[in-house]
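Peer 1: I have a structure here, written as structure tokens, and I will follow up with some questions on it.
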Amino acid sequence: MDPKALETIEVELALLVRRITSITASKKIGSLERSAYLLLHQIASHGSAGVKALSDEFRLDISTVSRQAAALEQKGYVERIPDPQDGRAYSLQITKLGAKELIENREARIARIEALVKDWTDEEREQFGSLMKKFNRTFI
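796 is the number that my numbering gives to position 127 of the sequence shown; each next residue is one higher, with no gaps.
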């Protein structure tokens with residue numbers, strides 16, 4: 670492996686995390702926090718899911734996801750669906766209000782990204798998206 674390429678990736682990732690943290694702290698994009706956005710996106714994309722499955726997906730403690738899910742439920746963005754085989758277990762399903770919030774936030778996020786990469790070619794945007802997806806899948 671080329672040490673210079675690895676060093677470039679390391680520094681650029683550190684800068685990306687810093688800039689994203691700075692943007693989300695000062696210029697919130699949409700009305701959903703990142704954790705709420707990701708949970709709603711996961712449920713909307715893959716169907717209803719239990720807290721354990723969501724915690725496994727995001728590699729978070731069950732208590733963390735439980736707390737985040739409770740906040741989404743309180744706002745009416747998700748609802749609990751009882752498990753027919755286990756009366757104690759439930760899955761979370763996105764509501765119409767949750768889907769509406771997700772769509773509005775996704776559009777705001779996409780508009781922000783579009784502004785950032787407006788001078789890139791379509792090929793560069795596709796390549797960047799593919800490489801980001803590939804990189805994120807290495808954590809699985």
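Just so you know, even glycine gets a beta-carbon here, dropped at the ideal spot from N, CA and C.
Fair warning: this is a prediction, and the values are worked out from it, not measured in the lab.
When DSSP labels each residue in this structure, what does ARG757 get in the three-state scheme?
Peer 2: coil
Peer 1: I'd like the list of long-range same chain contacts for LYS721, defined as Cβ closer than 8 Å, with 5 residues on each side in sequence excluded.
Peer 2: ILE731
Peer 1: Thinking C-alpha only, which one of TRP789, ALA768 and ILE782 is nearest ARG688?
Peer 2: Comparing Cα-Cα distances from ARG688 to each of TRP789, ALA768 and ILE782, the minimum goes to ILE782.
Peer 1: Give the secondary structure of GLU748 by DSSP, where H, G and I count as helix, E and B as strand, and everything else as coil.
Peer 2: In the structure shown, the three-state DSSP call for GLU748 is strand.
Peer 1: Rounded to whole angstroms, what's the CA-CA distance from ALA674 to LYS802? Just pull it up for me.
Peer 2: 19 Å
Peer 1: Would a C-beta distance cut-off of 8 Å place LEU741 and LEU785 closer than the cut-off?
Peer 2: No, the Cβ-Cβ distance between LEU741 and LEU785 is not below 8 Å.
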